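Right, one structure below, let's go through it.
Number of protein chains: 2
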Amino acid sequence: MAAVLTPEILADPVALTRALVDIESVSGDEQEITDAVEAALLAAGRLSVSRLGNVVCARTDLGRPSRVILAGHLDTVPIADNLPATIAGDLMYGCGTSDMKSGSAIALHLAATVAEPAFDVTYLFYDCEEVESERNGLFKVSQQQPDWLDGSFAILLEPTHGLVEAGCQGTMRVIVRTHGTRAHAARSWHGHNAIHDAGEVLRRLSAYQARQVTIDGCAYREGLNAVRIAGGVASNVIPDRCEIEVNFRFAPDRGEADALAHLREVFQGYELEVTDSAPGALPGLDRPAARQFLDVVGEAPVAKLGWTDVSRFAAMGIPALNFGPGDPNFAHKRDEHVEIPKIRAGAETLRRWLTTPAD
Amino acid sequence: MAAVLTPEILADPVALTRALVDIESVSGDEQEITDAVEAALLAAGRLSVSRLGNVVCARTDLGRPSRVILAGHLDTVPIADNLPATIAGDLMYGCGTSDMKSGSAIALHLAATVAEPAFDVTYLFYDCEEVESERNGLFKVSQQQPDWLDGSFAILLEPTHGLVEAGCQGTMRVIVRTHGTRAHAARSWHGHNAIHDAGEVLRRLSAYQARQVTIDGCAYREGLNAVRIAGGVASNVIPDRCEIEVNFRFAPDRGEADALAHLREVFQGYELEVTDSAPGALPGLDRPAARQFLDVVGEAPVAKLGWTDVSRFAAMGIPALNFGPGDPNFAHKRDEHVEIPKIRAGAETLRRWLTTPAD
Chain R
16 MAAVLTPEIL ADPVALTRAL VDIESVSGDE QEITDAVEAA LLAAGRLSVS RLGNVVCART
76 DLGRPSRVIL AGHLDTVPIA DNLPATIAGD LMYGCGTSDM KSGSAIALHL AATVAEPAFD
136 VTYLFYDCEE VESERNGLFK VSQQQPDWLD GSFAILLEPT HGLVEAGCQG TMRVIVRTHG
196 TRAHAARSWH GHNAIHDAGE VLRRLSAYQA RQVTIDGCAY REGLNAVRIA GGVASNVIPD
256 RCEIEVNFRF APDRGEADAL AHLREVFQGY ELEVTDSAPG ALPGLDRPAA RQFLDVVGEA
316 PVAKLGWTDV SRFAAMGIPA LNFGPGDPNF AHKRDEHVEI PKIRAGAETL RRWLTTPAD
Chain H
16 MAAVLTPEIL ADPVALTRAL VDIESVSGDE QEITDAVEAA LLAAGRLSVS RLGNVVCART
76 DLGRPSRVIL AGHLDTVPIA DNLPATIAGD LMYGCGTSDM KSGSAIALHL AATVAEPAFD
136 VTYLFYDCEE VESERNGLFK VSQQQPDWLD GSFAILLEPT HGLVEAGCQG TMRVIVRTHG
196 TRAHAARSWH GHNAIHDAGE VLRRLSAYQA RQVTIDGCAY REGLNAVRIA GGVASNVIPD
256 RCEIEVNFRF APDRGEADAL AHLREVFQGY ELEVTDSAPG ALPGLDRPAA RQFLDVVGEA
316 PVAKLGWTDV SRFAAMGIPA LNFGPGDPNF AHKRDEHVEI PKIRAGAETL RRWLTTPAD
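Taken in sequence, the protein lines are chains R and H.
Just so you know, we're using the numbering used here here: the first sequence kicks off at 16 and counts up by one.
Just so you know, we're using the numbering used here here: the second sequence kicks off at 16 and counts up by one.
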C-alpha cells in the first residue's frame with residue numbers, strides 16, 4: 016500500500032518531514048516516496064504535474080512575469096539503523112532528516128499550500144542525488160526535459176543550517192604520476208625511486224597558497240589537496256611508479272579549463288590525468304528574484320564551500336542558491352538529525368518570499 | 016619410484032645439475048629430491064649422514080684440524096613452464112638451474128668424489144629457502160641441530176656467477192607514519208593533510224647520502240629507500256594518515272640495534288614501526304680456511320649486496336661467503352639458466368681448495 020500524505024500532514028512541514036523520512040528511499044529505491052509525492056501534488060489541484068522516472072515536476076501557470084524553481088532530492092544514503100524517525104526535544108533524528116527530506120518537505124508543503132505565489136513556481140523532486148552523476152534525476156531532466164528547468168532563479172533545499180549559501184565551488188580531481196626504474200632494494204643505485212620523486216609534488220602542495228575570492232559578497236576559499244597516494248611494487252623492489260590523487264576545489268569565477276590550466280602550472284614537469292571534474296556555480300545574487308529572496312531572509316549570504324546540484328542550474332544559466340534547514344555536519348551520519356525550529360523557520364521564510372508581491 | 020643419482024651422474028657436476036633440476040622441488044615439496052640426495056650420500060660410504068625433515072647433513076670425520084661447510088638449498092621457486100631442463104649450446108635452462116641446483120650439484124658431486132679432503136667437510140642440503148624464514152631448513156638446523164653447523168668457515172653455493180661474494184648486507188623495514196585531521200576536501204582548512212606531511216619524509220629520503228664502507232677489501236654500499244607509500248580516506252576527504260614503508264640495506268659493520276638507532280635519527284620526529292629485520296654478515300676473510308680458498312680462486316672477493324643465508328652462519332660466529340655458478344640476474348625468471356662452463360669451473364676451484372694441503 017502506498018504511503019498517503021494527508022492534507023493535515025501536508026499543512027505541517029514538521030509532520031511532513033517525519034512522514035517523508037519514514038518512507039525508506041535509499042538511492043535507487045525511490046518508487047514509493049515518488050508515488051506519494053506525486054499523489055500529493057496532483058491532489059493540490061492547482062499544479063501541472065509531470066513525471067520522468069522517479070522525478071516529479073509540478074508547475075504553477077499563473078502568467079507571472081518570472082518563474083522560480085524550488086528543488087530537492089528524495090533519496091538518502093543507506094539507512095544506518097536510524098529509521099523510523101524519532102523526536103527528542105527540538106531534534107528529529109533519522110536517515111534523511113538533514114539531507115534532505117526536511118528541505119524537500121518544505122518545498123512540498125509550499126506546493127500544497129501556497130495558492131497564489133508572486134512568481135510562477137516549479138517544484139522539482141528527484142532521485143539518485145547521493146550516487147553517481149549519470150543516475151542523478153536532475154541530470155536526467157537536464158538531458159531529457161530541459162524545459163522543466165526554465166526559470167530565472169532556483170533554490171535548492173540542501174542542508175545549510177538555515178543559512179543562504181550561494182553558488183558553489185567547482186571540483187576537479189587529477190592524478191599526478193612520477194616514474195622511476197625498478198631495481199632490487201639491495202642494489203638501489205641501479206634504479207630510480209618514483210616514491211622519492213613524489214616528495215617534490217607533496218612539497219608543492221604543502222607550499223601552495225590557496226586563493227580566496229569574493230563574488231557578490233561571498234568569500235570563496237579554494238583548496239588544493241592530495242586525497243590519496245599510492246606507490247610500491249614489493250618490499251624489496253625500488254618502485255618505478257607513484258601516483259598522487261589531488262582534489263582541487265575552485266571558486267566559481269574559474270571555469271574547468273582555467274582550473275586545469277592552473278593545475279598544469281602548479282604541477283609543471285609531471286604527468287597529469289583528469290579523473291573527475293565539475294564546474295562551480297556563480298552566486299548570481301544580482302537577479303531580481305534572488306535580491307527579493309535575500310531581502311526576505313534579511314541575512315548576508317555566504318559562499319557554498321562544496322559542490323551541489325546548484326551547479327546543474329548554473330550550467331543552464333540559472334542562478335541558484337542553497338537554503339535548507341538541515342545541518343550539513345550531520346548529513347550521512349548515523350546520528351543525522353534536524354532542528355525542528357529550523358524547519359518551521361525555513362518554511363516561513365520561503366512562504367514570505369513566495370507571497371510578497373514582486374517589485 | 017625415487018629418482019636415482021647414479022655414480023656416473025654424480026661424477027659429472029653438469030649431468031648432476033640436470034638430474035637435480037629435473038626432480039621438481041618447489042618449496043614445501045622437497046621429499047623426493049632429498050631422498051635422492053640422501054641415498055647418494057649414503058652410497059658414498061665415507062660420510063656420516065643425518066637427516067632432519069628435508070634437511071640432510073653429511074660429514075667427513077677424518078680428524079682434520081679444521082672443518083668447513085658447503086651448503087646449498089634444494090628447493091626452487093614455482094615452476095614457470097620451464098621444466099625439464101634443456102640445453103642450448105653452453106647454457107642449461109630450467110627452474111633452479113641458477114638458483115641453486117647447479118651450486119648444490121657441485122657440493123653433492125664433491126661429497127661423492129673427494130675422498131681425502133684437506134679439511135673435514137660438512138655438506139648440508141636443505142629445504143624451504145625460497146619461503147618465509149620460519150620454514151627455512153637451515154634455520155631449523157640452527158634451532159634443533161646447531162652441532163651440524165660447527166665449523167670454521169662456510170661456503171654457500173648461492174648464485175654469484177662464479178664470483179666470491181663475501182658476507183652480506185643486513186636489511187630492516189620500518190613504517191614511518193604521519194598523522195593529520197580529517198575534513199571535507201571542500202573545507203580543507205578545517206583539517207590537516209597527513210599526505211602533505213609525508214613530503215618531508217620523502218625529502219629526507221631523497222637527500223639521504225648512503226654510506227659506503229670497505230671491510231676486508233669488500234665495498235658495502237648501503238641504501239635507504241621507500242618501497243611503498245599509502246594514504247587516503249576518500250576522494251573528498253582530507254586524509255588523516257599516511258604511511259611510508261622504508262627498506263634500509265646496511266653494511267655488516269652495523270648491528271640491527273645500530274641500524275634502528277640510525278633510522279630513528281634520520282626520521283626524528285616521526286612515528287616508526289619496525290616490521291622486518293635481519294642482520295648482515297661480516298665477510299670474515301681473515302680466517303685461514305677463507306684465505307686458502309681465496310688463494311685458490313685467485314680473484315678479489317666483492318661484497319654481497321643482498322641478504323642470504325650466510326647471515327645464519329655469521330649469527331653463529333662462522334664466517335661465510337657466497338660462491339656459485341648461477342647468474343643471480345636470472346634467478347626466479349622464466350628464462351632461468353646457468354652457463355655450463357661455470358659449473359665445471361666452480362667444481363674445479365672447490366676441488367682444488369678441498370684437496371690442497373692446509374698451510
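Virtual Cβ for every residue (Gly too), placed ideally from N, Cα, C.
Source: prediction; values computed, not measured.
Residue i - DSSP class collapsed to helix/strand/coil
i        : result
H/Val70  : strand
H/Asp273 : helix
R/Leu320 : coil
H/Glu363 : helix
R/Ala122 : helix
R/Val19  : coil
H/Arg82  : strand
H/Ser117 : helix
H/Ile24  : helix
R/Thr370 : helix
R/Ala330 : helix
R/Asn262 : strand
H/Ile38  : coil
R/Asp342 : coil
H/His205 : helix
Cut-off 6 Å between Cβ atoms - residues of its own chain near residue i, not counting five sequence neighbours on either side
i        : result
R/Arg192 : Glu258 and Glu286
R/Ala120 : Pro28, Leu31, Thr32 and Leu35
H/Asn240 : Asn262
H/Phe328 : Ala169 and Ala335
R/Asp114 : Pro174, Gly341 and Ala346
R/Met187 : Phe263, Ala274 and Ser292
R/Lys357 : Gly177 and Pro340
R/Arg74  : Ser63 and Thr137
Residues near residue i in its chain [Cβ-Cβ closer than 7 Å; skip 5 each side]
i        : result
H/Thr101 : Tyr108 and Gly109
R/Val311 : Thr364, Arg367, Trp368 and Thr371
R/Ser326 : Cys183, Ala293, Pro294, Gly295 and Ala296
H/Ala55  : Leu20, Leu25, Leu123 and Ala127
R/Pro93  : Val41
8 Å Cβ cut-off: residues of chain R touching residue i
i        : result
H/Ile190 : Those within 8 Å of H/Ile190 in chain R number zero; the least Cβ separation is about 11 Å.
H/Ser326 : By Cβ distance, chain R contributes nothing, its closest Cβ being about 12 Å from H/Ser326, past 8 Å.
H/Asn151 : Per Cβ cutoff of 8 Å: no residues; H/Asn151 is ~16 Å from chain R at best.
Within chain H, the residues that residue i reaches when beta carbons sit closer than 8 Å
i       : result
R/Pro22 : The premise fails here: R/Pro22 is roughly 40 Å from chain H at the closest Cβ pair, so nothing lies under 8 Å.
Endpoints, beta strand (DSSP E) assigned at residue i
i        : result
R/Ile210 : Segment Ala209 to Ala222 is the alpha helix (DSSP H) holding R/Ile210; no beta strand (DSSP E) there.
H/Val242 : Gly238 to Gly247
H/Thr75  : Segment: none, H/Thr75 is in no beta strand (DSSP E) and carries neither H nor E.
R/Val92  : Unbroken run through R/Val92: none, as it is neither H nor E.
R/Ala335 : Ala335 to Asn337
H/Thr290 : Glu286 to Ala293
Same chain, Cβ closer than 8 Å to residue i, five either side skipped, listed in chain order
i        : result
H/Val156 : Leu67, Val70, Cys72, Leu139, Tyr141, Trp163 and Leu164
R/Pro316 : Leu178, Val179, Glu180, Ala181, Asp231, Gly232, Cys233, Pro298, Leu300, Leu309 and Leu336
R/Ala200 : Ser250, Asn251, Val252 and Ile253
H/Thr290 : Arg188, Val189, Ile190 and Glu260
Start-to-end residues for the alpha helix (DSSP H) that takes in residue i
i        : result
R/Ser157 : Gly152 to Gln159
H/Ile48  : Gln46 to Ala59
H/Asp310 : Pro303 to Val312
Neighbour list for residue i in chain R, Cβ cutoff strictly below 9 Å
i        : result
H/Asn337 : Going along chain R, no residue has its Cβ under 9 Å from H/Asn337, so there is no contact; the nearest lies around 13 Å.
H/Ala213 : Ala213, Gly214, Leu217, Ala241 and Ile244
Interface partners of residue i on chain H, CB under 9 Å
i        : result
R/Arg243 : Ile210, Ala245, Gly246, Gly247, Val248, Ala249, Ser250 and Pro254
Neighbour list for residue i in chain R, Cβ cutoff strictly below 7 Å
i        : result
H/Asn240 : Ala200, Ser203, Asn208 and Ile253
Contact set between residue i and chain H, taken where Cβ atoms lie within less than 7 Å
i       : result
R/Arg61 : The premise fails here: R/Arg61 is roughly 39 Å from chain H at the closest Cβ pair, so nothing lies under 7 Å.
Residues from the stretch 255 to 284 of chain R in contact with chain H, defined by Cβ distance under 7 Å: Cys257, Glu260, Asn262 and Arg264
Residues of the stretch 217 to 230 of chain R whose Cβ lies closer than 7 Å to any Cβ of chain H, in chain order: Leu217, Arg218, Leu220 and Ser221
Contact residues within the stretch 169 to 201 of chain R, judged by C-beta distance below 8 Å to chain H: Gln184, Thr186, Arg188, His199, Ala200 and Ala201
The stretch 307 to 325 of chain H: positions lying closer than 8 Å to chain R by Cβ: Leu320, Gly321 and Trp322
Cβ-based contacts, 7 Å cut-off: residues of the stretch 95 to 112 of chain H near chain R: none
Proximal residues, the stretch 64 to 98 of chain H versus chain R, C-beta separation under 8 Å: none
Positions along the stretch 338 to 352 of chain R whose CB lies within less than 7 Å of some CB in chain H: none
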